[in-house]
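Heads up: the sequence lines are chains A and B, in that order.
Residue numbering for the first sequence follows our numbering, starting at 1 and increasing by one per position.
Residue numbering for the second sequence follows our numbering, starting at 486 and increasing by one per position.
The C-beta atom is built at its ideal place from N, Cα and C for all residues, glycine as well.
Just so you know, these numbers come straight off a predicted model, no measurement behind them.
Input: a single structure, listed below in structure tokens.
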Amino acid sequence: MGLAELHLELLETLGSEAVLSDRQQLRTYECDGLAHYRCCPALVVLATTAEEIAHVVRRCSAHQVPFVARGSGTGLSGGALPRADGVLIVTSKMRRIVEVDIANERAVVEPGVLNLSVTKAVAPHGYYYAPDPSSQQICSIGGNVAENSGGAHCLKYGFTTNHVTGLRVVLPDGEVTRLGGKAVEHPGYDLVGAFTGSEGTLGIATEVTLRLLRAPESVRTLLAAFPSTDDAGAAVSDIIAAGVVPAAIEMMDALAIEAAEAAVNCRYPAGAGAVLIVELDGPAAEVDQQFLACEDFARSRRAFEIRVAADDAERALFWKGRKSAFAAVGRISPDYIVQDGVVPRTALPEVLRRITALAESSGLRVANVFHAGDGNLHPLVLFDDEVPHQAERAEEVSGAILDLCIEFGGSITGEHGVGADKAKHMPAMFTEADLDTMQRLRCAFDPAGLCNPGKVFPTPRLCGEVPGRHRGEHPLARSGIAEIF
Amino acid sequence: MGERLAGICGEAFVRPAEANDAVAGVPAQVVCLPGQVSEVAEVLRACSRHGWRVVPRGSGSKLDWGAPPRRVDVVLDLSRLNRTLEHGVGDLVVRLQAGARYAEVQRELSAAGQRLALDSPHPQATVGGLVSAGYAGPLRLLYGSPRDLLIGVTVVLADATVARSGGKVVKNVAGYDLGKLYTGAYGSLGVIVETVFRLHPLPAASAYVTATFDSPASLDEAVRELRAAALVPAAVEVASQIPGWNLTVLLEGVPPGVADRAERCAALLGASTSAVPPPGWGELPGPADGVLVKVAAEPAALGQVIAALGEWLGPIDPGYAVAGSVAGVLYAAASQPTDIDAFHRSLAALRTRLADVDGSIVVLRAAQSLRAGLDVWGPVAGLSLMRRVKAQFDPDGVLAPGRFVGGI
């Protein structure tokens with residue numbers, strides 16, 4: 001059997017420290033950040049070099065064994081959910097920052113490097129790495145590339161894909177290829193752009209060239225408390241309409257605030273129906289004026305308390321509540337589902353009303369945390385697994401929220417990815433032709449269908465299949481699956 | 486051929502090709518102008534069936550860029566698909582048919598105090614063409630290129646499949662980002678029919694700060710100091726001003742902010758400030774009938790690159806011109822060289838030298854005499870993978886065959 005032979009080969013070439021097959025050890029890797037999807041891999045390989053990854057993939061390819069890559073395992077869509085019949089290739093030991101090239105404003109890193117570690121490494125030079133998912137203290141760059149991760153500051157600065165200029169990739173057949181580099185443009189197809197956000201289905205990145213930004217001269221943050229999310233939303237609209245592009249605008253509703261309070265004692269203003277965190281950054285002379293404008297807008301939209309961070313410590317305190325929000329709901333509810341959807345920003349007030357209605361009719365509570373500037377919602381559906389049927393109802397509400405997002409012309413995922421979790425929702429957002437066309441890309445990279453199969457797309461596309469004219473024997477007939485009458 | 490296509494688009498919208506319909510010097514047979522996406526699909530279906538080769542065209546402003554296609558039967562002109570489908574003012578998003586014209590689009594957007602943060606040297610260029618050519622000008626330093634601004638795209642494939650990717654919202658990671666694939670692909674994977682872009686507010690104020698430098702080294706030094714100053718310029722352009730080079734910094738923002746930053750910038754560079762751009766700002770350098778190349782490289786190699794370009798083009802044309810962004814993408818132009826073999830050789834030599842700084846040279850435009858045996862694209866990393874992508878999207882090679890890298 002392919003797996004057994006593969007196991008022996010890998011043990012021989014990589015050693016028993018790197019190749020895990022003991023059930024107890026394997027269970028550590030059976031899920032990523034989405035804990036209710038679990039699957040024990042057949043083998044785990046702890047890679048330490050790009051060559052090892054290429055070797056493992058080559059041997060998987062030779063034995064037709066599927067494989068899945070995993071960075072820090074913090075993903076929220078099951079992208080690193082293993083295959084029971086496959087190998088899980090873990091990159092978390094590859095934490096080397098290969099090069100910091102300030103003159104070119106680039107950093108070259110191994111995939112296991114933690115997101116925040118990049119900023120820490122370049123901060124002494126007055127630079128930082130902009131994409132800042134809330135998990136940035138533990139999530140990996142490799143994972144960020146796979147998911148095209150965003151974060152609170154992506155409103156102004158974009159996502160991972162806007163900050164990756166080059167990759168070294170192990171393709172699903174084990175071939176290693178360099179794509180892009182330090183320059184911002186290269187002739188040919190933008191395969192770096194196509195690979196970023198492909199959720200680990202097109203290969204494994206073993207080296208990533210990142211774009212760094214010069215740290216802003218000034219950063220100013222305010223926390224404003226409003227009677228309701230409608231008021232807060234109106235303030236956001238005013239800010240955007242005035243041509244201000246904040247570095248971040250985050251909103252939390254009353255329930256989310258309650259949870260954050262219980263968890264980290266962030267002391268947000270009491271009685272707030274909604275709290276807004278607005279952060280501006282850039283040259284001081286720009287920020288100062290725009291900041292005053294934001295304060296005015298907040299006040300004119302009934303903000304009853306506005307706090308301006310006096311220093312870094314106070315700014316960190318404002319953010320503490322927001323960044324702890326997901327985990328914090330664990331304080332006010334035994335169980336919860338974190339959802340991730342996008343609606344056009346202007347639709348937010350209406351969508352929030354619909355979510356409230358959904359919550360009410362289901363008898364469950366929904367706490368809302370979201371990136372108010374770009375319409376990326378993170379509704380937290382609270383439930384108690386001990387109570388009969390609550391888990392199912394929570395799933396229903398969570399799914400209904402995604403339907404809402406599509407109804408309003410948004411997306412089923414703004415940051416967390418499709419992974420295993422949302423593949424079934426893809427047909428609600430895209431037609432068969434849309435999905436088939438996307439999978440043509442997958443067929444170009446992974447005709448054998450071994451690289452993280454089963455993720456993103458609900459139905460795999462047969463890669464030998466070329467729609468339209470056929471020359472010679474049809475691939476299905478050749479493989480014995482079908483006959484032509 | 487004309488009859489078949491007239492049956493789809495209507496007789497009024499199909500005509501025999503003329504001399505100026507040629508694609509990079511290769512004459513076409515028929516020009517057809519579909520009026521709807523369904524007609525685009527039917528045209529492509531017919532072309533696929535009959536083995537006719539198709540090159541999509543917007544305004545034709547860059548039709549002479551890239552390698553000459555092996556054959557062009559049909560020029561598929563997207564001019565009639567020119568509507569603004571949706572402008573989400575509050576969401577800073579616009580949905581445009583591919584044939585929408587750049588200048589008109591910007592006019593419409595500016596009425597709402599917004600813009601597509603993309604430059605175009607040709608006001609009549611179509612948005613689909615800008616995306617297909619992957620063109621970006623001075624604003625690329627802060628806003629990126631079409632790949633960073635495109636959030637959704639609809640294409641028609643050679644087999645008439647109409648396929649969308651991305652969407653209408655800026656935050657969206659559902660599915661593969663095929664928009665990145667189609668950007669800069671010269672129409673070789675599919676015909677773009679619809680584009681969705683993220684927008685930005687028009688700045689309330691702007692200022693241009695220009696200084697002149699007489700050596701690449703002093704230019705490099707100035708750019709280094711500029712970066713350290715964290716002034717967040719919207720653009721920093723270098724332009725040859727023989728015997729030296731001009732550096733122009735564009736600052737945008739609120740009036741007091743721009744005034745403050747312009748003052749600091751001018752002091753830093755020993756420069757003068759102006760409310761209007763210098764002549765030639767955002768334009769392609771050189772004569773319209775000269776040879777035009779695009780050079781990309783690591784940003785810090787700027788001085789090295791402009792020096793190398795001077796050594797290469799100076800002997801060909803003492804009036805050569807270079808203009809581009811310190812982000813590391815420059816355009817260079819000269820009158821057509823007379824010694825063609827020497828040009829091919831020196832191009833190859835320069836490509837080898839610049840490889841050390843992740844450099845690439847693409848010959849965008851060249852006279853017919855120069856094209857024979859010319860390596861337009863240069864060496865390309867990942868070419869075999871790119872061929873596989875092409876084979877999946879356009880297995881029969883219907884779209885722009887031979888125009889792209891590696892003969893794709």
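- Collapsing the DSSP output to three states places R500(B) in a strand.
- Those residues of the region 851-868 of chain B placed with their C-beta closer than 8 Å to a C-beta in chain A are W862, G863, V865, A866, G867 and L868, ordered along the chain.
- Boundaries of the alpha helix (DSSP H) around F291(A): A284 to S300.
- Beta-bridge annotation (DSSP): D281(A) is paired with V219(A).
- Residue range L787 to L798 is occupied by the alpha helix (DSSP H) that includes W797(B).
- The C-beta of A103(A) comes closer than 7 Å to at least one C-beta of chain B.
- Shown here, K547(B) sits in coil according to DSSP, grouped into three states, outside any helix or strand.
- For H607(B), there is no enclosing alpha helix (DSSP H), since its DSSP letter is neither H nor E.
- For N376(A), DSSP records a beta bridge to V342(A) and H371(A).
- For L11(A), DSSP records no beta bridge to any residue.
- The shortest C-alpha to C-alpha distance from I846(B) to any of S854(B), L855(B) and A833(B) is the one to A833(B).
- Annotation for T758(B): the continuous beta strand (DSSP E) segment containing it runs S757 to S759.
- By the neighbour-count definition (other C-beta atoms within 10 Å, threshold 16), Q290(A) is a buried residue.
- Counting the other CB atoms within 10 Å of its CB gives E17(A) a total below 16, which places it among the exposed residues.
- Distance from E110(A) to V118(A) at the Cβ level is roughly 11 Å; contact not present, criterion being Cβ atoms closer than 8 Å.
- Using beta-carbon distances, L382(A) does not count as an interface residue toward chain B, since no partner is under 7 Å.
- For the 7 Å CB-CB criterion, V525(B) and V676(B) form a contact.
- Looking at the backbone, the Cα of G867(B) and that of G844(B) are separated by about 15 Å.
- Under the three-state reduction of DSSP output, I239(A) falls in the helix class.
- In the same chain as M429(A), and ignoring 5 residues on each side of it, the C-beta atoms closer than 6 Å to its own belong to I406 and I412, in chain order.
- One Cα belongs to C494(B), the other to S523(B), and the distance between them is close to 10 Å.
- Going by DSSP, V516(B) is part of the beta strand (DSSP E) stretching over V515 to C517.
- In the three-state reduction of the DSSP assignment, G180(A) falls in the strand class, which pools E and B.
- By the criterion of a C-beta distance shorter than 8 Å, V559(B) is surrounded in its chain by M486, L490, A513, Q514, V515, V516, C517, V528, C532, W537, R538, V539 and V540, once the five residues flanking it on both sides are discounted.
- Considering only E207(A), L167(A) and R322(A), the residue with the shortest C-alpha distance to A263(A) is R322(A).
- For V528(B), there is no enclosing beta strand (DSSP E); the enclosing alpha helix (DSSP H) covers residues V522 to H535.
- Secondary structure of S673(B) (DSSP, three-state): coil.
- For I355(A), the secondary structure class from DSSP, reduced to helix, strand or coil, is helix.
- Within the region 124-142 of chain A, contact with chain B at the beta-carbon level (separation under 8 Å) is assigned to G126.
- For the region 395-406 of chain A, the set of residues with a beta-carbon nearer than 7 Å to any beta-carbon of chain B is empty.
- Assignment of beta-bridge partners to K779(B) by DSSP yields Y816(B) and V847(B).
- Spanning the alpha carbons of R214(A) and Y127(A) requires a straight line of approximately 4 Å.
- Of all residues in the region 876-893 of chain B, only A876, Q877, F878, P880, D881, F889, V890, G891 and I893 come within less than 9 Å of chain A when Cβ atoms are compared, listed by chain position.
- According to DSSP, residue pairing for Y37(A) in a beta bridge does not occur.
- Against chain A, the beta carbon of G738(B) has neighbours under 9 Å at G282, P283, A285, E286, Q289 and Q290, listed in chain order.
- The region 820-875 of chain B is shown to contain whole beta strand (DSSP E) runs of 3 or more residues at 845-850, in chain order.
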